[in-house]
Ligand SMILES: [Zn+2]
Ligand SMILES: [Zn+2]
């Protein structure tokens, strides 16, 4: 989603685009990765010392509701927000905790599924857990 599309979406549903919201929106759309409220706060605090972590939490919740970011339940303790909303799947490393985007062979078929057993599908999440290739390499090299 582009910045303009996201602003339009927020305005359409009657949301005020305040400065902090603008700042957060620009940041997450320019950095298409998996964000937490904490990681956004860390990235923005030096340039925008007035932004609070509560504002970031609330803003990201709103963005997720509006489909601007996707909320990931891959971690029990942390909410991740993915600013890449193109359908894709995730792998989480048990050792380093890094989250990777992954393609699975049946991906395109899954992405095109609009219903299952007569139920309408709005979104699908698939999470894989294991040891990532970086950590595997580290283990091998001792
Ligand atoms: Zn790892
Ligand atoms: Zn992702």
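Residue numbers (the numbering used here): 16 to 157. Ideal Cβ placement from N, Cα and C applies to all residues, glycine included.
Distance check for residue j and residue i, CA to CA, integer angstroms please.
i	j	result
residue 83	residue 127	20 angstroms
residue 50	residue 95	5 angstroms
residue 81	residue 59	22 angstroms
residue 31	residue 100	23 angstroms
residue 156	residue 69	42 angstroms
residue 65	residue 132	49 angstroms
residue 35	residue 75	11 angstroms
residue 25	residue 130	28 angstroms
residue 57	residue 90	20 angstroms
residue 88	residue 143	12 angstroms
Select from the options the residue whose C-alpha is nearest the C-alpha of residue i.
i	options	result
residue 123	102, 109, 142	102
residue 86	66, 52, 32	52
residue 16	66, 46, 33	46
residue 62	38, 156, 72, 137	38
residue 7	77, 78, 55	Outside the modelled stretch of the chain, which goes from 16 to 157, sits residue 7, for which no answer is possible.
residue 148	109, 142, 93	109
residue 146	121, 77, 105	105
Taking all protein chains shown into account, do 16 or more other C-beta atoms lie within 10 angstroms of the C-beta of residue i, making it buried, or fewer, making it exposed?
i	result
residue 140	exposed
residue 134	exposed
residue 97	buried
residue 107	buried
residue 40	buried
residue 43	buried
residue 121	exposed
Report yes or no: is there a C-beta of chain B within less than 8 angstroms of the C-beta of residue i?
i	result
residue 124	Looking for chain B here will not work: only one protein chain is present.
Query raised in the report: With distances taken from each beta carbon to the nearest heavy atom of ligand 3, which residues come in below 6 angstroms, in chain order?
Result: Within the structure as shown, ligand 3 is missing, the only ligands being ligand 1 and ligand 2.
Query - Any residue whose CB is nearer than 5 angstroms to a heavy atom belonging to ligand 1, listed in chain order - result: 108, 110, 111, 147, 150
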